Amino acid sequence: MGAATVKVIVTGGSGQLGQALRRSVPALIDGSTVQLISATRTGGDGTIALDLADAAACRALVEQHQPDWLINAGAYTAVDKAESEPELAYAVNAVAPAAFAAALANTGGRLLQVSTDFVFNGAQGSPYRPDQPVDPLGVYGASKAEGEAAAAAVLTAERLCILRTSWVYGPVGNNFLLTMLRLMAEREQLGVVADQVGCPTATAGLAHACWAVLEHGVGGRHHWSDAGAASWYDFAVAIAQLGEEVGLLRHPAKINPITTANYPTAAQRPSYSLLDVTATREQLQLPAVHWRAALLEVISHVVA
Ligand SMILES: NC(=O)c1ccc[n+]([C@@H]2O[C@H](COP(=O)([O-])OP(=O)(O)OC[C@H]3O[C@@H](n4cnc5c(N)ncnc54)[C@H](OP(=O)(O)O)[C@@H]3O)[C@@H](O)[C@H]2O)c1
């Protein structure tokens, strides 16, 4: 990357990861200053308006700005709603990355496509490596898997990094942590699913990993999550304990473990979606941070 400025487009700029990326732009990438262009659904607040369901607009954005990198953090993330809105889910999660990839192939830029543990079926019972075949259970996972494949059909591995992550949460946005904090303050008891295992991933660390991808010019398929493993029940219990410790919750609800069968949802979820992040962590030269330590850091910054 010889240019004095690295131009980076971030999509989904108002989402959880998008906001974390915007908050953590490095001063330099590989010795060059960073010019950030953020795209959001509605524009405003210094961002450019972009409808990710509009493939022509996605292509035009790249052609107009000719970025060195595009970090596609935008996505249709409503896992259950996707079952009844497959066209929109595919437009945003599959057609948009295909459009970005096609335009970047022409302009010479690179794509960081953020993806999900939901591309796997969860049946193997040990952490998924990045090179393993995908087998999504629902529309959301299938649309994200198609987005990965569509981008990989157009861009070589040096020009495309697919970074899958899991159970994303942070101090803002729509996520399990903030939902639990609200419910734990409102209720006396709460049932939380104990038979789905994965790893919570804080947006700050995930954003850091994204910037490290750009810094090291990493391509290919990769996995990123915080370290360790948890069920949603474990995650909820930790939220209650740490929430009380930092003074966010005075009398947190009692958390009861329930089964997936007791909590029916429109979309089927993988029962075990731990990602093997060993190789990626080494390549990005980032330390392992246990999810509970990351949670304490996040929860300490949540305003009651
Ligand atoms: N959340 C998780 O647990 C999780 C787990 C694994 C992987 N991931 C992946 O991680 C990435 C970041 O997810 P996140 O948690 O940051 O998601 P998020 O908070 O739901 O943010 C998604 C962003 O995409 C935007 N978006 C959706 N449809 C759009 C459209 N048609 N036009 C323009 N913008 C649109 C949303 O805009 P609005 O704010 O206007 O709706 C939002 O800013 C995604 O690739 C996701 O698939 C997430």
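Under this note's numbering, think of the first position of the sequence shown as -4, with each following residue one higher. A virtual CB, placed ideally from N, CA and C, is assigned to each residue, including glycine. Note that the structure is a prediction, hence the values are computed from the model and not measured.
Distance between residue j and residue i (C-alpha atoms, nearest Å)
| i | j | result |
| --- | --- | --- |
| Ser33 | Asp40 | 10 Å |
| Ala148 | Ala89 | 12 Å |
| Ala324 | Val272 | Outside the displayed span of the chain (-4 to 299) sits residue 324, for which this structure offers no information. |
| Thr174 | Asn101 | 42 Å |
| Val29 | Val1 | 5 Å |
| Val298 | Ala180 | 14 Å |
| Cys156 | Thr198 | 18 Å |
| Tyr71 | Ala(-1) | 34 Å |
| Ile66 | Gln184 | 40 Å |
| Val129 | Arg245 | 43 Å |
| Leu209 | Asn257 | 43 Å |
| Ala84 | Gln236 | 36 Å |
| Phe95 | Ala146 | 8 Å |
| Gly238 | Gly133 | 33 Å |
| Val167 | Val293 | 10 Å |
| Gly(-3) | Leu107 | The pLDDT assigned to Gly(-3) is 47, lower than 50, so where the model puts this residue is not dependable, and the model offers no usable value. |
| Pro302 | Thr111 | A question about residue 302 goes unanswered here, because the residues of the chain that appear run from -4 up to 299. |
| Gln127 | Gly26 | 34 Å |
| Arg54 | Thr254 | 44 Å |
| Asp49 | Ala86 | 8 Å |
Proximity below 8 Å, CB of residue i to CB of residue j
| i | j | result |
| --- | --- | --- |
| Pro125 | Val114 | no |
| Gly186 | Leu269 | no |
| Ala98 | Leu158 | no |
| Pro265 | Asn116 | yes |
| Arg105 | Asp63 | yes |
| Val241 | Ser295 | yes |
| His218 | Thr275 | yes |
| Ala233 | Leu290 | yes |
| Leu47 | Leu56 | no |
| Tyr228 | Ala288 | no |
Sequence-distant residues of the same chain with beta carbon closer than 7 Å to residue i, five excluded per side
| i | result |
| --- | --- |
| Ala68 | Val5, Thr6, Gly7, Gly10, Leu12, Gly13, Leu16, Val109 |
| Trp286 | Cys194, Pro195, Asp221, Ala222, Gly223, Ala225 |
| Glu78 | Gly133, Val134, Ala261, Ala262 |
| Ile250 | Leu185, Val187, Tyr228, Ala231, Val232, Ala235 |
| Leu243 | Leu176, Ile294, Val297, Ala299 |
| Gly200 | Asp221, Val284, Ala289 |
Strand pairing of residue i, partner residues [DSSP]
| i | result |
| --- | --- |
| Ile294 | According to DSSP, which records beta bridges pairwise, Ile294 is partnered with nothing at all. |
| Val3 | Leu31, Trp64 |
| His311 | A question about residue 311 goes unanswered here, because the residues of the chain that appear run from -4 up to 299. |
| Gly215 | Cys156 |
| Tyr164 | Ala197 |
| Arg105 | Trp64 |
| Tyr123 | Leu270 |
Residue i burial status per 10 Å Cβ neighbour count (16 or more: buried)
| i | result |
| --- | --- |
| Asp75 | exposed |
| Thr196 | buried |
| Gln191 | buried |
| Gly165 | buried |
| Pro92 | buried |
| Gly38 | exposed |
| Ser121 | exposed |
| Arg182 | exposed |
| Ala283 | exposed |
| Leu23 | exposed |
| Gly142 | buried |
8 Å Cβ cutoff, residue i in contact with chain B
| i | result |
| --- | --- |
| Gly10 | The structure shown contains no chain B; it holds only a single protein chain. |
Sequence-distant residues of its chain with Cβ nearer than 8 Å to residue i (five each side left out)
| i | result |
| --- | --- |
| Ala207 | Val213, Leu279, Gln280, Leu281 |
| Lys139 | Ala70, Asn88, Ala89, Ser110, Thr111, Phe113, Val114, Pro131 |
Close Cβ partners of residue i (< 6 Å) along its chain, the five nearest in sequence each way excluded
| i | result |
| --- | --- |
| Ala152 | Gly214, Gly215 |
| Leu31 | Val3, Val20 |
| Ala137 | Pro131 |
| Arg154 | Arg105 |
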